[in-house]
Amino acid sequence: MSKKFLSIIGCLAVMMVTFIIAGCSDNNPVTAVLDNKPTVANQLRQLRPYMDAANTFNTYSTKMRL
(Lines of atoms letter the chains of each structure in order from A; the text may use other names.)
(Lines give C-alpha, C1' and ligand atoms only; values in the text may rest on other atoms or scores of the structure.)
Protein backbone atom coordinates (compact mmCIF):
# COMPACT_ATOMS: atom_id res chain seq x y z
CA MET A 18 0.00 0.00 0.00
CA SER A 19 1.09 3.49 -0.65
CA LYS A 20 2.12 5.93 2.04
CA LYS A 21 -0.58 8.38 0.93
CA PHE A 22 -3.34 5.78 1.45
CA LEU A 23 -2.00 4.79 4.87
CA SER A 24 -1.77 8.43 5.97
CA ILE A 25 -5.41 9.00 4.91
CA ILE A 26 -6.54 5.94 6.86
CA GLY A 27 -4.53 7.09 9.88
CA CYS A 28 -6.05 10.59 9.78
CA LEU A 29 -9.56 9.14 9.47
CA ALA A 30 -8.93 6.84 12.43
CA VAL A 31 -7.72 9.75 14.58
CA MET A 32 -10.75 11.83 13.59
CA MET A 33 -13.17 9.00 14.38
CA VAL A 34 -11.64 8.43 17.81
CA THR A 35 -11.83 12.16 18.50
CA PHE A 36 -15.53 12.30 17.57
CA ILE A 37 -16.32 9.22 19.63
CA ILE A 38 -14.56 10.61 22.71
CA ALA A 39 -16.17 14.05 22.26
CA GLY A 40 -19.61 12.48 22.00
CA CYS A 41 -19.20 10.59 25.26
CA SER A 42 -18.39 13.61 27.43
CA ASP A 43 -20.67 14.99 30.13
CA ASN A 44 -20.78 18.42 28.50
CA ASN A 45 -23.53 17.32 26.16
CA PRO A 46 -26.13 20.13 25.84
CA VAL A 47 -28.98 17.63 25.59
CA THR A 48 -28.20 16.08 28.97
CA ALA A 49 -27.76 19.54 30.48
CA VAL A 50 -31.28 20.46 29.40
CA LEU A 51 -32.71 17.18 30.65
CA ASP A 52 -31.00 17.56 34.03
CA ASN A 53 -32.52 21.03 34.54
CA LYS A 54 -36.18 20.12 34.18
CA PRO A 55 -38.43 23.10 34.80
CA THR A 56 -40.90 22.76 37.63
CA VAL A 57 -44.61 23.40 37.20
CA ALA A 58 -44.32 26.60 39.21
CA ASN A 59 -41.56 27.90 36.90
CA GLN A 60 -43.57 27.00 33.82
CA LEU A 61 -46.63 28.83 35.15
CA ARG A 62 -44.50 31.84 36.07
CA GLN A 63 -43.19 31.97 32.51
CA LEU A 64 -46.68 31.65 31.03
CA ARG A 65 -48.31 34.20 33.36
CA PRO A 66 -47.77 37.27 31.07
CA TYR A 67 -49.36 35.43 28.14
CA MET A 68 -52.27 34.26 30.27
CA ASP A 69 -52.82 37.80 31.55
CA ALA A 70 -52.73 39.19 28.02
CA ALA A 71 -55.25 36.60 26.82
CA ASN A 72 -57.54 37.34 29.76
CA THR A 73 -57.33 41.07 29.11
CA PHE A 74 -58.06 40.58 25.43
CA ASN A 75 -61.03 38.36 26.16
CA THR A 76 -62.39 40.78 28.77
CA TYR A 77 -62.32 43.86 26.56
CA SER A 78 -62.98 42.41 23.11
CA THR A 79 -66.07 40.31 23.74
CA LYS A 80 -69.54 41.46 24.61
CA MET A 81 -71.53 39.72 27.27
CA ARG A 82 -75.06 38.96 26.23
CA LEU A 83 -77.58 38.21 28.91
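In our numbering, the protein residues as written are 18 to 83. Each residue gets a CB set at the ideal place from its N, CA and C atoms; glycine is no exception.
For residue j and residue i, the rounded distance between their alpha carbons
i	j	result
Met-32	Asn-59	42 Å
Ser-78	Gln-63	24 Å
Phe-22	Leu-29	11 Å
Ala-70	Lys-54	26 Å
Val-57	Ser-24	55 Å
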